[in-house]
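All remarks here apply to the structure that follows.
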Amino acid sequence: MSTALFALALLYPLALTGALALSGTASPRRAAAARRLLVRCAPPAAVPFVLLTLLPSAGGAQPPALALPWMLFGTSWELDGLARPLVLAGALLYGAALAATAWPRPAPEEGAGSAGLTAFLLVSLVGNMGVCTAADAVTFYLCFALMSFAAYGLVVHHRTREARRAGRVYLVLAVASETALLAALLLVVSAGGVRLADAPAAVAGSEHLHWIVGLLLAGFGVKAGTLPLHVWLPLAHPAAPAAASAVLSGAMVKAGIVGWLRFLPLGEVALEGWGTALVLLALAGAFLAVPVGDLQRDPKVVLAYSTISQMGFLASVVGVALAVPELAEACAGAAVVYSVHHGFAKGALFLGVPVWKHFGSARTAPLVVVGMAGAALAVAGAPLSSGAVGKYAAKHAVEGVTVLGADLTQLLPLVATGSTLLLLRFGVLLARADLGPGHRPDAELWAWLLVVATGIAVPWSLTRRWVPSADLPGLELVTLWDASWPILLGLVIGAAWWALSAREALPSWAAHPDGRAVSPGDLVVPEEALLRRARRWAAGTQERGARSRAAAAEAARRLRPGPRELDAARSAVRAVHSWSGSGAVLLALVALVVLALAVAP
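For the sequence shown, position 211 matches number 215 in the working numbering, and the numbering has no gaps at all.
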């Protein structure tokens, strides 16, 4: 049964995508009707993945698996302990995104009812869930590439200038990521790591250990949004529809974390240098994303920088596992729990942006406010929220670890302070946004509520059942205070910022940020300027070369002898070639030599 369900989970979305593509061959009227029907059949594509996670996993039962030995070099998937929580969270999020876009309004927006958006979401679903469940390196790479390139269609969906620019930046980084991963996986396979269960030990024993680790950190770092490879996120999120942003931030970026957990030699060998480097880059991204995000004016850009900050938190936990093998199991469990929590909370916030616009002025407004506030508190790690579960597990996993003399358990809570500041800015921008006419409750609202509700309950439940290595927070006062003080600190800083801004005591770019002090994409802006200068220099060099060639051709044309000069030269040559002429020349030369000898002293 599990094999058939696994096959259905992978084939149903692909079959729907194929049907959507073939619908274009029908007449316009029939094609439109077929697409409407197929788009509404898309949300159930996530159901088989959810059912797979609910199959028995204890008592010696084999995990659900699917093997296709005839495909490529042998393709296989398996729902092991690491994959099960991530697949459940990812499938629910994709299902909500598909449902939110399946029923268009009279004036379609945010991709509602779009067959193209639905098709790319379906392909991304297969690739994303395939990355989590792949059992061998070939299958993993196939699914990772499928997900990466399908995401390009999500980013450029609106076909605007901003979307094309975001897609271009994303595609460049995606190709660079795929290249690094292909090189790394070839080395992993050559070392005997074809099966993912064998990969960490194979990498640890490989003579190319450091090459593999460096390539894996860079390749998966693009997807995980690790500094300085994060620049695609602040460009892609505002360009993409909200449903696409929800799965990009809630599910796809976790593919980078999954790749690190699957292939890095965690628990096999201590790589203190690589681990420390990853922790430092992760913390730099976690903290630097805060001021940059607070200077933006688009709420989705602010959420993108919040994702960069949160992924920095996650990457630092992986860095500790890489440096300290004894903590690898606890860190891996904490990373899974935190990934699930962040997926639900950030997915709810991204889906909530259009929900607020459509339902913020209706009678459902209080419900929307409560849901958005709950998701924001979860991202910040408020007590009793799913964020408290993830951050508590991470804090206990890295206990006793220091970075450059600083205790990591003292640094990580400050990420919640930064998250609070970013979410305050997000709330201000959302409150200032123009609201549309109130809509009656529809699939978009119900899908968003599903994500909010599951985000509250699922992280607690799955941590207790499926991730025994992760600790759950209790109700002790010290535990509640540890989760509260970073948020309170963020509120104090935010209040001080507001007070200083009201008194015009801050520079205008800080008091009234409009996104121009630091443009979305931050590092990519000077990089693009440098490339434009290089392109202008190359064009100028080419133009100067063309002018030089033209001048040389003109000079050669002017120096070329005319008809009279050519006739005289030909006559002289004919005279020299004759015997008499040759003799006369010879006698003249002899006379000159004799004269020279006579004159010489």
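All C-beta atoms in this analysis are idealised placements derived from N, C-alpha and C, irrespective of residue type, glycine included.
The closest CA to that of residue 304, considering only 216, 524 and 290, is found on 524. Bridge pairing for residue 140: 199 [DSSP].
Counting only unbroken stretches of 4 or more residues, the alpha helix (DSSP H) elements lying wholly within the stretch 417-442 are 417-436, in sequence order. DSSP, reduced to helix, strand and coil, places residue 230 outside both helices and strands of the structure shown, so it counts as coil. Between residue 204 and residue 272, the gap from beta carbon to beta carbon is short of 7 Å.
Annotation for residue 241: 249, 304 and 308 place their beta carbon closer than 6 Å to its own, counting only its chain and skipping 5 residues before and after. If you draw a straight line from the Cα of residue 390 to the Cα of residue 254, it is about 14 Å long. Under the DSSP assignment, residue 313 falls in the alpha helix (DSSP H) whose first and last residues are 303-327. DSSP lists 406 as the beta-bridge partner residues of residue 411.
Where residue 71 is concerned, the enclosing beta strand (DSSP E) starts and stops at 69-72. When DSSP reads this structure, residue 278 sits in no beta bridge, so it has no partner. Residue 107: not part of any alpha helix (DSSP H); DSSP gives it neither H nor E.
Judged by beta-carbon spacing, residue 405 lies beyond the 7 Å limit of residue 415, meaning their Cβ atoms are not closer than that value. Here residue 77 is exposed, its C-beta having fewer than 16 other C-beta atoms within 10 Å. In this structure, residue 92 lies away from residue 294, with their beta-carbon atoms at least 7 Å apart. By alpha-carbon distance to residue 491, the top candidate from 375, 383, 22 and 72 is 383.
Considering only 148, 368, 376 and 121, the residue with the shortest C-alpha distance to residue 441 is 368. Of the candidates 94, 489 and 190, the residue whose Cα lies closest to the Cα of residue 134 is 94. Out of 373, 348 and 350, the CA that lies nearest to the CA of residue 360 is found in 373. Here residue 79 carries a strand assignment [DSSP, helix/strand/coil]. Leaving aside the five residues that flank residue 380 on each side, the residues in its chain whose CB is nearer than 6 Å to its CB run, in chain order, 427. For residue 257, there is no enclosing alpha helix (DSSP H), since its DSSP letter is neither H nor E.
Excluding the 5 residues flanking it on each side, residue 291 has same chain C-beta neighbours closer than 7 Å at 422, in chain order. A straight-line Cα-Cα distance of about 16 Å links residue 530 and residue 177. Taking residue 157 as the centre and dropping the five residues before and after it, the same chain places the C-beta of 124 closer than 6 Å to its C-beta, in chain order. In this structure, residue 420 sits away from residue 394, with a CB-CB distance that is not shorter than 7 Å.
In the DSSP assignment, residue 335 falls within the unbroken alpha helix (DSSP H) covering 332-363.
Its chain contains 141 as the residues whose beta carbon lies nearer than 7 Å to that of residue 193, once the 5 sequence neighbours on both sides are disregarded; these appear in chain order. In its chain, beyond the 5 residues on either side, 49 have a beta carbon closer than 6 Å to the beta carbon of residue 16.
Between residue 324 and residue 402, the C-beta spacing is below 7 Å. Counting of Cβ neighbours within 10 angstroms places residue 516 among the exposed residues, the total staying below 16.
Counting the other CB atoms within 10 Å of its CB gives residue 410 a total below 16, which places it among the exposed residues. If you compare the alpha carbons of 206, 196, 224 and 164 with that of residue 183, the shortest gap goes to 224. Across the set 321, 556 and 378, the C-alpha of 378 shows the shortest separation from the C-alpha of residue 349. Our two residues, residue 553 and residue 538, have alpha carbons roughly 22 Å apart in a direct line. Judged by their CB atoms, residue 398 and residue 322 are not nearer to each other than the 7 Å cut-off.
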